[in-house]
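Student:
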Amino acid sequence: MRCDEFKPMLTGYLDGELTPERSAELEAHLAACEACRRELAELTGLKEELAMMKFKEPPDVELERYWRSVYNRLERGLGWILLSVGAIIVLCYGAFQLIEEMIKDPRVAVLLKVGVVALVFGAVILFVSLLRERLAVRKVDKYSKEVER
Amino acid sequence: MEESEATLIRRCQQGDEEAFGVIVRRYAGAAQGAACLLLSSYDDALDASQEAFVRAWRHIRRFDAGAPFYPWYATILRNVCVSKMRRSGRRRTAQLADSHADPSPDSDPVLLAERNERRDRIWRAIRELSPQHREVIVMSHFQGLSYKQMAAALGIPIGTVMSRLHNARQALKKGLAGEEL
Ligand SMILES: [Zn+2]
């Protein structure tokens, strides 16, 4: 094996992610290769430096505000779901009642009745197809995330 | 006495929001820091880290209560950040004609506990990496994910994680050397 093939293994070795066999293989190479030894030392130094860098811990007041904000979002999510479901039920019910009344009403012209029924069916079909498209796009989006990388 | 994470998660799974509050407070600092490294602004980082907690809460019942919370959360956070970057990338392309101002230090702060010149420089160098390199550096060095966990989060084989992380570290070394000149 050439040096280039050992290079990525240095990273795995440093992180303790190599199998014992591969570690042994690399160690044998390291014993003979000055360049790879130097590279390993550099990577070790970088890793140690990064290990010293810790994120700032926010003060209690800020943590409290942070949690309040998350909590509000949790509630809002449920609120939106209930609101949407409620709105759909109310709208459908109202529309159904209106149409039923109109169809029973002998004063309304037949042509208008046909028109309204067609309108409602058209709206339903468009809504369903739009919904299906949205779901399909979401699926593709999830898939492309993996392919892209 | 501090409650164990497994107990807290189990309480969350029964719908106990206060237990989730304990977890959120515990990891808020780490979450904001990581998001800030991944995204360009503090405001975006704050929003993404909170959004990721909301998503975690929604899926908490699917989570294995015995497993550590943070690596799982880190995966969710990464996905939120990726979609945020994609959205803002689109917005930025649309506004290409606008002035190309650098982000102010206020909107892009260094969220480190103990700072010095060298650490600030490393922070900036990480921010200069490509998104692909940046995320493996953040996951492995700042969020403590194993290769296996990163492979699952990114949907790539473990061998690819190793080579990508290797390239990312090389790029970071180069970036740091370049800044010293
Ligand atoms: Zn060598």
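As you go down the protein sequences, you meet chains A and B in turn. For the record, in the first sequence the residue sitting at position 36 is 35 according to numbering that gives the first Met the number 0, with numbers rising by one throughout. For the record, in the second sequence the residue sitting at position 14 is 13 according to numbering that gives the first Met the number 0, with numbers rising by one throughout. For glycine and all other residues, C-beta sits at the position ideal for the given N, C-alpha and C. Predicted, not measured: the structure shown is a model, and the values here were computed from it.
On the DSSP bridge list, what partners appear for residue 54 of chain A?
Tutor: B:111
Student: Within 8 Å, do at least three Cβ pairs link the segment 13-24 of chain B to the segment 59-72 of chain A?
Tutor: Judged by Cβ distances under 8 Å, the segment 59-72 of chain A makes contact with the segment 13-24 of chain B, as three or more pairs qualify.
Student: What does the Cβ neighbour count give for residue 100 of chain A, buried or exposed, with the cut at 16 atoms within 10 Å?
Tutor: exposed
Student: Once DSSP output is grouped into helix, strand and coil, what is the label at residue 0 of chain A?
Tutor: coil
Student: Name the residue from A:129, A:124, A:104 and A:98 whose alpha carbon lies nearest to the alpha carbon of residue 115 of chain A.
Tutor: It is A:98.
Student: Can you find a heavy atom of ligand 1 that lies under 7 Å from the Cβ of residue 23 of chain A?
Tutor: no
Student: What's the C-alpha gap between residue 142 of chain A and residue 112 of chain B?
Tutor: Note that residue 142 of chain A scores 44 on pLDDT, short of 50, meaning its location in the model is unreliable and no value can be drawn from it.
Student: Does ligand 1 have even one heavy atom less than 7 Å from the beta-carbon of residue 28 of chain A?
Tutor: For ligand 1, a non-hydrogen atom lies closer than 7 Å to the CB of residue 28 of chain A.
Student: Quick one: grab the DSSP three-state call for residue 107 of chain A.
Tutor: Residue 107 of chain A falls in the coil class under three-state DSSP.
Student: Is any heavy atom of ligand 1 found at a distance shorter than 7 Å from the C-beta of residue 5 of chain A?
Tutor: yes
Student: For chain A, find out if any of its Cβ atoms is closer than 8 Å to the Cβ of residue 161 of chain B; answer yes or no.
Tutor: yes
Student: Given the structure, does residue 34 of chain A come close to ligand 1, in the sense that its CB is under 7 Å from one of the ligand's heavy atoms?
Tutor: yes
Student: Any idea if residue 18 of chain A is buried or exposed, counting beta-carbon neighbours within 10 angstroms, 16 or more meaning buried?
Tutor: exposed
Student: Ligand 1 and residue 35 of chain B: does any heavy atom of the ligand fall closer than 7 Å to the residue's C-beta?
Tutor: no
Student: In terms of residues, what are the limits of the alpha helix (DSSP H) holding residue 11 of chain B?
Tutor: 4-12
Student: Sorted by chain position, which residues of the same chain lie with C-beta nearer than 6 Å to residue 48 of chain A's C-beta, five sequence neighbours on each side aside?
Tutor: Hits under 6 Å: none found.
Student: Give the DSSP-derived three-state secondary structure of residue 96 of chain B in the structure shown.
Tutor: Here the model assigns residue 96 of chain B a pLDDT of 45, short of 50, so the residue's position is not dependable, and the following value carries that caveat. Three-state DSSP puts residue 96 of chain B in coil, outside helix and strand.
Student: Should residue 108 of chain B and residue 26 of chain B be called a contact, given that it needs their Cβ atoms to be closer than 8 Å?
Tutor: Taking the C-beta atoms as reference points, residue 26 of chain B is found no nearer than 8 Å to residue 108 of chain B.
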